[in-house]
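Peer 1:
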Amino acid sequence: MDKYTAMRVYCRVVELESFAATGRNLGISTAMVSKHIAALEKDLGIRLLNRTTRRVNPTDEGLYYYNRCRTLLSELDELESSVTQQGHDPRGLLRLTAPMDFTLLHLIEPIQAFQKVYPLVRIELELDDRQRNLTADNFDVAIRIANLADSSLVARKLTQCRGGFYASPEYLRGQGTPESPQQLQQHRCLLYTYLAQDRNYWLYHDKDGQRQKVRVNWTLAANNGRALCEAAAQGMGIIQQPDFIAAPFVKEGRLIQLFEDYPRYDFNVYAVYQHRQFLPARIAAFVDFLRDYFEGHKRW
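Sequential numbering from 3 applies to the sequence shown in the numbering used here.
#1: Can you round the beta-carbon distance between residue 68 and residue 160 to whole angstroms, since I take them to be within the 8 Å contact cut?
#2: Cutting at 7 Å between CB atoms, please list the residues of its own chain near residue 292, excluding the five before and the five after it.
#3: As a quick exercise: from 253, 240 and 269, pick the residue whose alpha carbon is nearest that of residue 260.
#4: Considering only C-alpha positions, which residue in the set 177, 141 and 234 is nearest to residue 275?
#5: Mapping the DSSP letters down to three states, classify residue 4 as helix, strand or coil.
#6: Would you mind sorting residue 58 into buried or exposed? The rule is 16 or more other CB atoms within 10 Å of its CB.
#7: Alpha carbon to alpha carbon, how far is residue 222 from residue 232?
#8: Roughly how many whole angstroms lie between the Cα atoms of residue 89 and residue 289?
#9: Who are the near neighbours of residue 71 in its chain, counting only those whose CB is closer than 7 Å to its CB and skipping five residues on each side?
#10: According to DSSP, simplified to helix, strand and coil, what is residue 289?
#11: Taking the alpha helix (DSSP H) that residue 38 falls in, what are its first and last residues?
#12: Three or more C-beta pairs under 8 Å: does that hold for the segment 125–138 against the segment 242–259?
#13: Which parts of the segment 186–243 are runs of the beta strand (DSSP E), unbroken and 3 residues or longer, counting only runs that do not cross its ends?
#14: Could you have a look at residue 255 and say whether DSSP puts it in helix, strand or coil?
#15: Name the residue from 91, 190, 61 and 4 whose alpha carbon lies nearest to the alpha carbon of residue 117.
#16: Give me the Cβ distance between residue 237 and residue 173, rounded to the nearest whole Å; I'm assuming they're in contact under 8 Å.
#17: Beta carbon of residue 216, beta carbon of residue 184: below 9 Å?
#18: Per DSSP, which residues does residue 156 bridge with? Please list them.
As structure tokens, then:
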């Protein structure tokens, strides 16, 4: 049995925690999945997986083997891509991590358009608002919305979005409308969990354009922007969120933007990838395509 194929099957079993789900995902039978795993365990002389009636989980040795397999398979994919990219279309697997709300609202459409142009590129998309480690987690590209610190990673700016403060009409009728960001200290605030800065403070620009911060008393924290918008729309407090998430709620009249006479706080949207001397064609094509796409579309 081909060990290269068996390693791919094993990695998918670990990720899906199921022989049946792996078979459906790869288009093979559950029995064939089992044969691949059995062959690997026999060849290695160790048990890779603990099996129960509901799920399968890797043993300690199996988890180590999985992590090394993913690295090896990624390197093999990259090798094949770099060898064949001259005179050929981009191809192979591209592993992408991106924030959930931005992906659902603005990234699926360009991914669809990209794959129409480059049908030989498969994209494995993982939605996570945390900033994942590209090297440790074996991602090719990350979409990040932030003012990035210097790092060894390559960051290509795709577009820009703005952040604002929002509250519902109901909340403002009951609690009053703050006239300046500093007055947020006297209000209930709803916090985004993955804030890069101290979660007890919100950043803003004063009327002179200078960066300031205000201490907030938060009553609810969540790791999803749309959930916070919904909570704010139901009168639970004030939020600070990007326009691309809050805009639909504003359009429906469920949220009102605060401090409109203050300068807006801008966030850049980046495609981030590891610096490599020979960048695989699939990564270069994907990043270039996203940049062209967002340059050609109206900002939110």
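From the three backbone atoms N, C-alpha and C, an ideal C-beta is built for every residue, glycine too.
Peer 2: A quick look at the data gives this:
#1: Here residue 68 refers to the residue found at position 66 of the sequence shown. Here residue 160 refers to the residue found at position 158 of the sequence shown. Residue 68 to residue 160, Cβ: 32 Å. No contact.
#2: Numbered from 1 along the sequence shown, position 290 holds the residue referred to as residue 292. Excluding positions up to five away in sequence, the list reads 112, 160 and 273.
#3: Locating residue 260 in the sequence shown gives position 258, counting from the first residue. Taking only the C-alpha atoms, the option nearest residue 260 is 240.
#4: Reading the sequence shown from its first residue, position 273 is the one you call residue 275. Closest option to residue 275, Cα to Cα, is 141.
#5: On the sequence shown, position 2 is the one that residue 4 refers to. Coil.
#6: Position 56 of the sequence shown, counting from 1, holds the residue named residue 58. That one is buried.
#7: Within the sequence shown, residue 222 is the residue found at index 220, counting from 1. Within the sequence shown, residue 232 is the residue found at index 230, counting from 1. Cα to Cα, residue 222 sits roughly 12 Å from residue 232.
#8: Here residue 89 refers to the residue found at position 87 when the sequence shown is read from its first residue. Here residue 289 refers to the residue found at position 287 when the sequence shown is read from its first residue. Because residue 89 sits at a pLDDT of 43, beneath the cut-off of 50, its placement in the model cannot be relied upon, and the point is left open.
#9: Position 69 of the sequence shown, counting from 1, holds the residue named residue 71. Answer for residue 71: 9, 12 and 13, listed in chain order.
#10: Along the sequence shown, one-based indexing puts residue 289 at 287. Three-state DSSP puts residue 289 in a helix.
#11: Working through the sequence shown from its first residue, we reach residue 38 at position 36. Residue 38 -> alpha helix (DSSP H) spans 32–46.
#12: no
#13: 190–194, 203–207, 213–217 and 219–224
#14: The residue given as residue 255 occupies position 253 in the sequence shown. Here residue 255 sits in coil by DSSP.
#15: Here the question's residue 117 lines up with position 115 in the sequence shown. The candidate whose alpha carbon is nearest that of residue 117 is 91.
#16: Numbered from its first residue, the sequence shown carries residue 237 at position 235. Numbered from its first residue, the sequence shown carries residue 173 at position 171. Yes, they are in contact, since the Cβ atoms of residue 237 and residue 173 sit about 5 Å apart, within 8 Å.
#17: Taking the sequence shown and counting its residues from 1, the one referred to as residue 216 is at position 214. Taking the sequence shown and counting its residues from 1, the one referred to as residue 184 is at position 182. Yes. Within cutoff.
#18: Position 154 of the sequence shown holds residue 156. Per DSSP, 275.
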